[in-house]
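Notes for the one structure printed next.
There are 2 protein chains.
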Amino acid sequence: MAKKQVFSESEYRRRVRETQERMDHQGMELLLVMDPANMNYLTGYDGWSFYVHQGVIVSLTDEYPLWFGREQDSNGARLTSWLPESHLHGYPDKYVQSRYIHTMQYVAGLLRDKGLGNKTLGLEMDGYWFNAKMFVELDEQLPNATLMDATNLVNWVKTVKSPPEIEYMRQASRICNNVMQTAVENIEVGVWEKDVAAKVVAAQIAGTDEYGGDAPAIFPIMPSAERTSSAHLTFDPDRRYQSGDVVLLELAGARYHYHAPLSRTVFLGRPPEDLQKVAEVVVKGLNDTLSYIKPGVTAEEVEERWRSNLKGTGVEKPSRVGYSYGLNFVPDWGEHTVSLRPGDKTVLQPGMTIHFMPGIWLDKYGFENSEPFLVTEQGCEKFIDYPQQLFVK
Amino acid sequence: MAKKQVFSESEYRRRVRETQERMDHQGMELLLVMDPANMNYLTGYDGWSFYVHQGVIVSLTDEYPLWFGREQDSNGARLTSWLPESHLHGYPDKYVQSRYIHTMQYVAGLLRDKGLGNKTLGLEMDGYWFNAKMFVELDEQLPNATLMDATNLVNWVKTVKSPPEIEYMRQASRICNNVMQTAVENIEVGVWEKDVAAKVVAAQIAGTDEYGGDAPAIFPIMPSAERTSSAHLTFDPDRRYQSGDVVLLELAGARYHYHAPLSRTVFLGRPPEDLQKVAEVVVKGLNDTLSYIKPGVTAEEVEERWRSNLKGTGVEKPSRVGYSYGLNFVPDWGEHTVSLRPGDKTVLQPGMTIHFMPGIWLDKYGFENSEPFLVTEQGCEKFIDYPQQLFVK
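Those protein sequences? They're chains F and D, same order as listed.
This note's numbering applies: residue -1 is where the first sequence begins, and numbers increase by one.
This note's numbering applies: residue -1 is where the second sequence begins, and numbers increase by one.
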């Protein structure tokens, strides 16, 4: 079959070697990766098959990860991954969502067959994709293995991007620019919220004239009016925009699962004074903080700098103000590694990509104006150049 | 705050009571529900906040489930759930993706504070949203509790739909009809795959002239050419359709997270004879099987009837041929309860909704033609009336 690979083999090999390095330093001989984004990162495998159990196993003594998944998805691994046939293992359909037999029995058998049943095995314990039952089953099936927590191990490797990854993130950024423009242009009093949302998702997929996009890991978050007082609500499918609405836009573009997130806020009519004031404080604080960021500062120092801008303004932001992002699948484009908040000691380094996201939720409405940026050798660089303001229409 | 509820309070109460009945019959005093679709089913809560830990706890002795989630999402619970203020518990942001403190410590504290730390507690062990670390933490934090497996307990309650749920599924079906029509009409030689996919996702959200849709739990699966030899691949963002392409369409409409899935197949040019033959066998077998379905037959008998249609045709379908579906969030619209396959003893009953999905993947390409149906008092009823054929363009 004709493979279509998104990256060169040497890029995948780099990722595997850096994963092995981290494993070795933690005393881990094997790593079970169930997160579809991490599977994709290490192998290129890409399909909406992660609703059944699937994964890859990285070993210190093998240059290739070993893929396992549903038999009917194994052609997908042949087409999209860089792995050789010897490392693809499709399991029979009887394992799918069965009440009698569990996929981890299959995985344990695979490891035993390869003489790997007595190794130190890292597990993504606190990830989305390694559930409680999998853990209990593996623990039972591999009595001679030593199980270790490897939560976010691959995520930390992912956190520093290579030049070809940054190129896809730039492409995603161009898509995101179109997506945001589509939203800001089309939101008007009297227009159905659903119709703007439809245009937004179409822009995400249509991409640019040169290349297509991807569905981002988070559905467009675009609440209006009272719904903006909460984080993470989206459009109302049965409502039209009204005069006096504030509309929060937390949107993204994506390219081969690499993201570019961006938040902006629209007001229909004459905005209340306190919202205008919040907007000014946020935009000023955001830019001051961006000017401070460079390799060597820590994540918590960035948050501290941001917070110093709020002093005396009456604006408060009690949650974290940013997080690293990049290659991801649903339900989150965040990488769960670097957080801009007190206590995070991560020292920023070139190649890290962070979404600086100061979302403010007041009692009755919210304001968001974010910037995704790349840490460079000298400082940081915004991925997107979109006006920073409260958009009043 | 003005609540917007998708169902009446009595409908939510019915769901909670049926959940409590199942819990009681299994000797379970408490149930921790982390699946966002099940949270939504029991409470109405609806936001893209499930990338952080959140859940509801059902108790045998409380008419209301107890909601917990991130503090910044608690206004979302106020706006979308039927729960009273007393049952909403927002946790501080320091718990979010922390390396030092775990949300299950918060949950255990909540249970202990309410004097519920020594109860029998059911857990969605093999679901998507209850991970290994949560299990280990709860087990440690609640030494006096008895932990039980409650995988799919709420899913089984969900499997039989009420009339208002069926109404939303009919609305989703009308959306799905538009979505499929959009795809079949727009796929042409020379057209970018991404541009058709963009129109498809826009149709999913735009819905009908009367109401909007929702993003389905599975992104449109629409591979072309060689990529159809695998399940679950989607469009190629950098390719145009070519003469000789087969295109599989596994699409859905959704309304308030209630789904209507449908699969069809398009061929551009003159289809190979074996594909035409497969199409005829599948459509004939599908309709024969639908005519056989009624309350009282079992899931495995349905599959057997389907398989009897394949005898002597040379067509084989080794995986399950259908599953129950309804209300769901990413990554799957299937309910993980009824499967049309050997060994599934479920007796079909009115109100069950099943996606009969005979997908055939040959070496070089595949064919899909599915039907979602409702089990009625007398037999079954297709939700969608869309031509059953290989679409040749």
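Cβ coordinates follow ideal geometry from the N, Cα and C atoms, glycine included.
Note that this is a predicted model, so its numbers are computed, not measured.
*Is LEU81(F) close to chain D, meaning its C-beta is less than 8 Å from at least one C-beta of that chain?*
As a working note, residue 81(F) is residue 83 in the first sequence. Chain D has no Cβ within less than 8 Å of the Cβ of LEU81(F).
*asked:* Quick check on ASP286(F): does DSSP put it in helix, strand or coil?
replied: The sequence position of residue 286(F) within the first sequence is 288, counting from 1. Here ASP286(F) sits in helix by DSSP.
*For chain D, is any of its Cβ atoms less than 8 Å away from the one on LEU140(F)?*
Counted from its first residue, the first sequence places residue 140(F) at position 142. Chain D contact via Cβ: absent.
*asked:* Just verifying my parser: in three-state terms, what is the DSSP assignment at ASP212(F)?
replied: Within the first sequence, the letter at position 214 stands for residue 212(F). DSSP places ASP212(F) in the coil class of the three-state scheme, outside both helix and strand.
*Name the chain D residues that come within less than 7 Å of HIS419(F), Cβ to Cβ?*
There is simply no residue 419(F) to check, as chain F begins at -1 and stops at 391 in what is shown.
*Can you tell me where the alpha helix (DSSP H) with PRO162(D) in it begins and where it stops?*
Here residue 162(D) is taken as the residue at index 164 of the second sequence, counted from 1. Taken as a continuous stretch (DSSP letters only), the alpha helix (DSSP H) holding PRO162(D) covers 161 to 184.
*Can you grab the Cα-Cα spacing for the pair TYR43(F) / ALA143(D), in whole Å?*
On the first sequence, residue 43(F) is found 45 positions in, with the first residue counted as 1. On the second sequence, residue 143(D) is found 145 positions in, with the first residue counted as 1. Looking at the backbone, the Cα of TYR43(F) and that of ALA143(D) are separated by about 41 Å.
*Find the residues of chain D that neighbour MET132(F), judging by a C-beta separation of less than 7 Å, and give them in chain order.*
Here residue 132(F) refers to the residue found at position 134 when the first sequence is read from its first residue. Residues of chain D passing the Cβ test: ALA130.
*Coarse secondary structure for VAL264(F), derived from DSSP in three states*: For the purposes of this step, residue 264(F) is identified with residue 266 of the first sequence, where counting begins at 1. In this structure, VAL264(F) counts as strand in the three-state DSSP scheme.
*Compare the C-beta of THR374(D) with all C-beta atoms of chain F and state if any pair is closer than 8 Å.*
Taking the first residue of the second sequence as position 1, residue 374(D) is located at position 376. So no, THR374(D) is outside the interface.
*Whose C-beta lies closer than 7 Å to the C-beta of MET26(D) among residues of the same chain, with five residues either side of it excluded?*
Residue 26(D) sits at position 28 when you count from the first residue of the second sequence. Excluding sequence neighbours, MET26(D) sits near THR118, GLY120, MET146 and ALA148.
*Under 8 Å Cβ-Cβ, which residues of chain D neighbour ASP403(F)?*
Coverage of chain F is limited to positions -1 through 391, which leaves residue 403(F) absent and any answer about it impossible.
*Determine the chain F residues that contact PHE5(D) at a beta-carbon separation under 9 Å, and present them in chain order.*
Within the second sequence, numbered from 1, the residue matching residue 5(D) stands at position 7. Per Cβ cutoff of 9 Å: no residues; PHE5(D) is ~14 Å from chain F at best.
_I'd like to know if the region 275 to 285 of chain D and the region 325 to 337 of chain D are in contact, where contact means that at least 3 CB-CB pairs between them fall below 8 Å._
With a cut-off of 8 Å, the region 325 to 337 of chain D and the region 275 to 285 of chain D do not count as touching, because too few Cβ pairs lie within range.
*Pick helix, strand or coil for ASN129(D), following the three-state DSSP scheme.*
By one-based count along the second sequence, residue 129(D) stands at place 131. In the structure shown, ASN129(D) sits in a strand (DSSP, three-state: E or B).
*Cβ pair THR41(D), LEU81(D) closer than 8 Å*: The residue you call residue 41(D) lines up with position 43 of the second sequence. The residue you call residue 81(D) lines up with position 83 of the second sequence. Contact flag set, yes.
*With a CB to CB cut of under 7 Å and the five nearest residues on each side skipped, what residues in its chain are close to GLU165(D)?*
To locate residue 165(D), count along the second sequence from 1; it is residue 167. Closer than 7 Å at Cβ, skipping near neighbours: no residue.
*Counting contacts by CB-CB distance shorter than 8 Å, is HIS255(F) in contact with chain D?*
Position 257 of the first sequence, counted from the start, is the residue given in the question as residue 255(F). No, because no Cβ of chain D sits closer than 8 Å to the Cβ of HIS255(F).
_Partners in chain D for LYS197(F), counting only beta-carbon separations shorter than 8 Å_ = Here residue 197(F) corresponds to residue number 199 of the first sequence, with the count starting at 1. Contact annotation for LYS197(F) against chain D: ALA200 [CB-CB distance below 8 Å, chain order].
_Stretch pair the region 303 to 315 of chain D + the region 260 to 267 of chain D: three plus CB contacts closer than 8 Å_ = Below 8 Å, too few C-beta pairs join the region 303 to 315 of chain D and the region 260 to 267 of chain D to call them touching: fewer than three.
*So is TYR104(F) buried or exposed if we call it buried at 16+ other beta carbons inside 10 Å?*
Here residue 104(F) refers to the residue found at position 106 when the first sequence is read from its first residue. That one is buried.
*Could you spell out the range, first to last residue, of the alpha helix (DSSP H) harbouring ILE55(F)?*
Position 57 of the first sequence, counting from 1, holds the residue named residue 55(F). No alpha helix (DSSP H) contains ILE55(F), which is instead part of the beta strand (DSSP E) from 53 to 57.
*Is the Cβ of ASP124(F) closer than 8 Å to any Cβ of chain D?*
Here the question's residue 124(F) lines up with position 126 in the first sequence. It does: the Cβ of ASP124(F) has a partner Cβ on chain D nearer than 8 Å.
*Please check if any C-beta of chain D sits within less than 8 Å of the C-beta of TRP359(F).*
Position 361 of the first sequence, counted from the start, is the residue given in the question as residue 359(F). Closer than 8 Å: yes.
_Let me check one thing: in DSSP terms, what residues is THR144(F) bridge-paired to?_
Numbered from 1 along the first sequence, position 146 holds the residue referred to as residue 144(F). Per the DSSP secondary-structure output, THR144(F) pairs in a beta bridge with THR118(F).
*Who are the neighbours of ILE216(D) on chain F, taking C-beta pairs under 9 Å?*
As a working mapping, residue 216(D) is identified with position 218 in the second sequence. Residues of chain F passing the Cβ test: TRP46 and TYR49.
*Could you name the residues that DSSP lists as bridge partners for SER322(F)?*
As a first step, residue 322(F) is located in the first sequence; it is residue number 324 there, counting from the start. DSSP lists ILE352(F) as the beta-bridge partner residues of SER322(F).
*Would you call the region 3 to 15 of chain D and the region 282 to 294 of chain F in contact, with 3 or more CB pairs under 8 Å?*
In short, these stretches do not touch, since the Cβ pair count stays below three.
_Same chain, Cβ closer than 6 Å to THR226(D), neighbours up to 5 away in sequence not counted_ = Taking the second sequence and counting its residues from 1, the one referred to as residue 226(D) is at position 228. Residues of the same chain with a CB within less than 6 Å of the CB of THR226(D), apart from the 5 flanking positions on each side, are VAL244, LEU246, TYR363 and GLY364 in chain order.
*Could you name the residues of chain F that ILE203(D) contacts, counting a contact when the two beta carbons are closer than 7 Å?*
One-based indexing of the second sequence puts residue 203(D) at position 205. Residues of chain F whose Cβ lies closer than 7 Å to the Cβ of ILE203(D) are, in chain order, LYS192, ALA195, ALA196 and VAL199.
_Measuring only the C-alpha atoms, how far is LYS131(D) from ASN367(F)?_
In the second sequence, counting from the first residue as 1, residue 131(D) sits at position 133. In the first sequence, counting from the first residue as 1, residue 367(F) sits at position 369. Taking the straight line joining both Cα atoms gives about 34 Å.
*Give the straight-line distance between the Cα atoms of ALA195(F) and ASP361(D), rounded to the nearest whole angstrom.*
Position 197 of the first sequence, counted from the start, is the residue given in the question as residue 195(F). Position 363 of the second sequence, counted from the start, is the residue given in the question as residue 361(D). A straight-line Cα-Cα distance of about 39 Å links ALA195(F) and ASP361(D).
*Report the residues of the region 281 to 310 of chain D with a CB closer than 8 Å to any CB of chain F, ordered along the chain.*
Listed by position, the residues of the region 281 to 310 of chain D near chain F (Cβ gap below 8 Å) amount to none.
*Is LYS275(F) helix, strand or coil when you go by DSSP?*
As a first step, residue 275(F) is located in the first sequence; it is residue number 277 there, counting from the start. Helix.
*N-terminal and C-terminal residue of the alpha helix (DSSP H) that LEU109(D) is part of*: As a position in the second sequence, residue 109(D) is number 111, starting the count at 1. Bounds of the alpha helix (DSSP H) holding LEU109(D) are 101 to 111.
*Would you please verify whether the beta carbon of HIS85(D) is less than 8 Å from any beta carbon of chain B?*
Looking for chain B here will not work: the only protein chains present are F and D.
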